[in-house]
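Those sequence lines, one after another, are chains G and H. Read in order, the letters of the first sequence correspond to residues 6 to 152 in my numbering. Read in order, the letters of the second sequence correspond to residues 240 to 406 in my numbering. Cβ atoms here follow ideal geometry from the backbone N, Cα and C, with glycine treated the same way. Step one of this worksheet: look at the structure below.
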Amino acid sequence: MVPYDESDIKDEDTVIRRINPRQHIVRDDNNGCDRVSTKAFSASMEPNGGMSIDILKLIENAGVNAKEFVTTPVFTGSVVLAAGAARKIGLLVGYDPLEGVSGVQDNPHHGEVWRTPPSNKFSRSQKKALLAASEWFVEIPGVILGT
Amino acid sequence: MNAVMQRSSVFENMLSTKSITGNVVYNVPFTNYKVRIPSHGSSWMRELESRFNELTSLEVGWDGYAGRPVSFTCAVFAANLLEQICIENVSAPSLVPGSDGTLQIEWHKNQYDIEIDILGAHNVVATRFDLTTEQEETVDLQSDFSVLADWISNLATDRDFPQQKTA
Numbered sequence: 006m007v008p009y010d011e012s013d014i015k016d017e018d019t020v021i022r023r024i025n026p027r028q029h030i031v032r033d034d035n036n037g038c039d040r041v042s043t044k045a046f047s048a049s050m051e052p053n054g055g056m057s058i059d060i061l062k063l064i065e066n067a068g069v070n071a072k073e074f075v076t077t078p079v080f081t082g083s084v085v086l087a088a089g090a091a092r093k094i095g096l097l098v099g100y101d102p103l104e105g106v107s108g109v110q111d112n113p114h115h116g117e118v119w120r121t122p123p124s125n126k127f128s129r130s131q132k133k134a135l136l137a138a139s140e141w142f143v144e145i146p147g148v149i150l151g152t
Numbered sequence: 240m241n242a243v244m245q246r247s248s249v250f251e252n253m254l255s256t257k258s259i260t261g262n263v264v265y266n267v268p269f270t271n272y273k274v275r276i277p278s279h280g281s282s283w284m285r286e287l288e289s290r291f292n293e294l295t296s297l298e299v300g301w302d303g304y305a306g307r308p309v310s311f312t313c314a315v316f317a318a319n320l321l322e323q324i325c326i327e328n329v330s331a332p333s334l335v336p337g338s339d340g341t342l343q344i345e346w347h348k349n350q351y352d353i354e355i356d357i358l359g360a361h362n363v364v365a366t367r368f369d370l371t372t373e374q375e376e377t378v379d380l381q382s383d384f385s386v387l388a389d390w391i392s393n394l395a396t397d398r399d400f401p402q403q404k405t406a
């Protein structure tokens, strides 16, 4: 999907970002805690790559339990943030249904957060801002989101 | 068509996904592979060997979306880099996979946050944030990684932190 900003996704709409409890958590000895790595809020370096999200209102409009949806088939924790929080730091939020990917369950409620082309990369400050704007949806016990 | 499973414990190049028998090309599934990163002598790599193998063996979709395992190219490059910059009295870093096969190496200690994002061989973005001064440095690195050696050395250095003022 070519990066774009979806007008149907309002600033106040909630997007979900899944966090793998084994892969995305790091030890922070500066603060004596386990926390979510900024890598979990990075964009893919593939062409037109962004950061995968689930669009909450699409899930709910389909009559699906959102917490069940984002914890299957792979159990992950997840966080929620407003789409506007991403836009506020110069990012784009759009639909990007996931379908036909080998080994991956179709996800019609999938979206992406992109940086404005030509660069894919989120800056460290953008990643920290996304973390700061997030709160737990499916919490990973004992893990904090940011410091 | 039966897929032919191949097993090997050491790889120098990216794995081939095809096996050719006669005029027929078979797709070789990865699911039972264990890709091994060549062993290194440093304490970090002795500690991280199994973690590297885990990351290169992640199942597609490990992140709940379409995340891929860490690429062998990124893993080998990262392992070789760590071998070069290892300081024995600094603990091994955390390794965090990206959804696109990339890998981030990070430490959060001694009031520094160091994140080394391995985007490919000789394609590294490294950031160091000093919590005491709130200063951030970001460098793009391709061939000269000496700045990272300095950063790691600072992780082992005693620092005088500002004393808190009392009333």
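In this model, Ser338/H and Val309/H are separated by some 8 Å (Cα to Cα). Classified as buried, Ser333/H has 16 or more neighbouring CB atoms from the shown chains inside 10 Å of its CB.
Gln28/G has its alpha-carbon roughly 22 Å from the corresponding atom of Ser282/H. Minimum Cα-Cα distance from Pro26/G among the listed residues Asp101/G, Ala45/G, Pro52/G, Asp18/G corresponds to Ala45/G. Assignment of beta-bridge partners to Ser281/H by DSSP yields no partner.
For Leu297/H, DSSP records no beta bridge to any residue. Residue pairing by DSSP places Cys38/G opposite Asp33/G in a beta bridge. Nearest CB-CB separation between Thr377/H and chain G: below the 8 Å threshold.
Neighbourhood of Trp301/H in chain G, by CB distance below 8 Å: Asn25, Gln28, Val79, in chain order. Apart from sequence neighbours up to five positions away, the residues of its chain that approach Ala88/G with a beta-carbon distance below 8 Å are Ile14, Lys15, Asp16, Glu17, Asp18, Thr19, Val20, Val98, ordered along the chain. With a cutoff of 8 Å on beta-carbon distance, Arg40/G and Val31/G are scored as near each other. Cβ-Cβ distances below 6 Å link Gly54/G to Ala48, Asn125 in the same chain, with the five nearest sequence neighbours on each side left out; the list follows chain order. Where Gly89/G is concerned, the enclosing alpha helix (DSSP H) starts and stops at 88–93.
Around Asn35/G, the beta-carbon contacts reaching into chain H at under 9 Å are His347, Lys348, Asn349, Gln350, Tyr351, Asp352, Leu370.
Taking 8 Å as the Cβ-Cβ cut-off, the region 103–121 of chain G approaches chain H at Leu103, Val106, Ser107, Gly108, Val109, Gln110, Asn112, His115, given in chain order. Of the candidates Met284/H, Ser330/H, Arg285/H, Val335/H, the residue whose Cα lies closest to the Cα of Asp302/H is Val335/H.
Spanning the alpha carbons of Asp34/G and Tyr351/H requires a straight line of approximately 10 Å. For Cys313/H, the CB contacts under 8 Å within the same chain, skipping 5 residues up- and downstream, are Gly340, Thr341, Leu342, Ile357, Leu358, Gly359, Ala360 in chain order.
By a beta-carbon distance limit of 8 Å, Ala395/H does not contact Ile324/H. Their separation comes to about 12 Å. The closest CA to that of Val143/G, considering only Phe74/G, Met6/G, Val7/G, is found on Phe74/G. If you check each beta-carbon in the region 295–322 of chain H against every beta-carbon of chain G, the ones closer than 7 Å belong to Val299, Gly300, Trp301, Asp302, Gly303, Tyr304, Ala305. Residues of the region 49–81 of chain G with a Cβ closer than 7 Å to any Cβ of chain H, in chain order: Ser49, Met50, Glu51, Gly54, Ser57, Val75, Val79, Thr81.
Residue state for Ile355/H is assigned as strand, using DSSP reduced to three classes. In the three-state scheme derived from DSSP, where H, G and I count as helix and E and B as strand, Ile326/H is classed as coil. Within 9 Å of the CB of Lys93/G, no CB atom of chain H is found; the nearest one sits about 20 Å away.
Boundaries of the alpha helix (DSSP H) around Gln131/G: 129–137. Here DSSP, grouped into helix, strand and coil, assigns Ile14/G to coil.
For the pair Val106/G and Ala318/H, the CB atoms are not nearer than the 8 Å cut-off.
A straight line joining the alpha-carbon of Val69/G with that of Glu345/H spans about 37 Å. Ser139/G sits away from Val79/G, with the two beta carbons spaced by 8 Å or more.
Note on geometry: alpha-carbon atoms of Gly116/G and Asp389/H lie some 40 Å from one another.
As for any beta strand (DSSP E) of minimum length 3 sitting wholly inside the region 96–129 of chain G, the runs are 96–100, 115–120, ordered along the chain.
Burial check for Glu286/H: the Cβ neighbour count within 10 Å stays below 16, so the residue is exposed.
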